[in-house]
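K.L.:
Below: one structure in structure tokens.
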Amino acid sequence: MGIFLHPTDGTYVVAAYNGEFRFRVKTTVTAEPFAASCWIDDILSIHGHRIDGLIVSLGIECRPRIAHGRPGVVPASLLHVCVDDRCLVFQLLYCTYIPDKLSDFLSDDRIRLVGVKIRDHVEKLEEEYPIMVRGPAVDLRELAAEKWGVQLTRLSTLYDLVAVYWPEMRLHNWAIDYIDWGRLELQLEQIELVTVKSFSQYEVGRRLLSDNV
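Throughout the sequence shown, residue numbering follows my numbering, covering 3 to 215 in sequence.
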């Protein structure tokens, strides 16, 4: 697996190749509302004709409590959204405002949001930022447990889900909760990590919501 900066538009490309398995994801990392709006425009230009039921991976990352320096609520540092092979990493701590196009997209009840513990993420987003999510938020753990009749405790993490429903990925079990996501300049490893997490949620969601799983 590797990551490199696209020379023309400043986005990052995360790619992996393992025998017949490969993927390539283009990621925009930004705190600029205009850049986030452009990302939404690109998604709608590609998928707008089939927006009904469009699968969208959503999640947030926070600073670890030890880095935050005080007990209590730790604010959401960034929002990651993924549709197909395109991801947006929006740095909430450093944005001047939430762009209307982003909030409108997330509030569109025609899209299908997927993620692990996604309802907790949505609740935190709505509490801390002017974002309202109206579409169905599907917790991948619950969907997998319901679809296959297994105990939820066996599918408690994204790592567990990927191991079962996307074994080609060979996802590493990261200690993602201990990474400082509050940095303005994210390290390449952080960008690679959050891209793979967001894309994995999308791909597992796509597989679970299809008739082929």
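Backbone N, C-alpha and C define an ideal beta-carbon position, used for all residues, glycine too.
1. Whole angstroms is fine: what's the gap from V76's alpha carbon to I42's?
2. Rounded to whole angstroms, what's the CA-CA distance from Y96 to S79? Just pull it up for me.
3. Following the continuous beta strand (DSSP E) through S79, name the residue where it begins and the one where it ends.
4. For T220, which three-state DSSP category applies?
5. Quick check: the segment 191 to 208 against the segment 96 to 112, are at least 3 beta-carbon pairs closer than 8 Å?
6. Less than 6 Å between C-beta atoms, sequence neighbours within five positions excluded: which residues of the same chain meet that for S39?
7. Would you check whether the ligand ATP has a heavy atom nearer than 8 Å to the C-beta of L56?
8. When we look at the beta-carbon of N214 and count the other beta-carbons within 10 Å, is it buried (16 or more) or exposed?
9. Would L46 pass as a contact of L115 if the rule is Cβ separation under 9 Å?
10. For R24 and D110, I'd like the C-alpha separation in whole angstroms.
11. First and last residue of the alpha helix (DSSP H) that includes L104?
12. Could you pull the DSSP bridge partners for C64 from this structure?
13. What's the C-alpha gap between H70 and L186?
14. Helix, strand or coil: how does DSSP classify R143 here?
15. Within its chain, find whatever has a CB closer than 6 Å to the CB of S200; leave out the 5 residues flanking it on each side and keep chain order.
16. Ordered along the chain, which non-local residues of its own chain (more than five positions away) have a Cβ less than 8 Å from that of H49?
17. Taking C-beta to C-beta, are R112 and I62 nearer than 9 Å?
18. Out of curiosity, what's the CA-to-CA distance linking A147 and A33?
19. What whole-angstrom Cβ distance do I133 and L127 have, given they're in contact under 8 Å?
20. For L145, I'd like the list of residues in its chain whose CB is within less than 7 Å of its CB, leaving aside the five on either flank, ordered along the chain.
21. Which one of T13, V118, H51 has the shortest CA to CA distance from V164?
P.N.:
In brief:
1. 27 Å
2. 8 Å
3. 78 to 85
4. This structure cannot speak to residue 220, because the chain is shown only from 3 to 215.
5. Contact check between the segment 96 to 112 and the segment 191 to 208: fewer than three CB pairs, one atom from each, fall below 8 Å, which does not count as touching.
6. P101, K103
7. The ligand ATP is absent from the structure shown, which contains no ligand whatsoever.
8. Residue placement at N214 cannot be trusted, given a pLDDT of 48 that sits under 50; the coordinates are not used to answer.
9. The beta carbons of L46 and L115 sit no closer together than 9 Å.
10. For R24 and D110, the distance between alpha carbons rounds to 31 Å.
11. 102 to 108
12. A78
13. Annotation note: pLDDT 47 at H70 (below 50); position unreliable, no value reported.
14. helix
15. S59, H82, C84, C89.
16. Counting only Cβ-Cβ distances below 8 Å, and skipping sequence neighbours, we find L56, V85, D86.
17. Not a contact, by the Cβ cut-off of 9 Å.
18. The alpha-carbon atoms of A147 and A33 are separated by roughly 36 Å.
19. 5 Å
20. L210
21. V118
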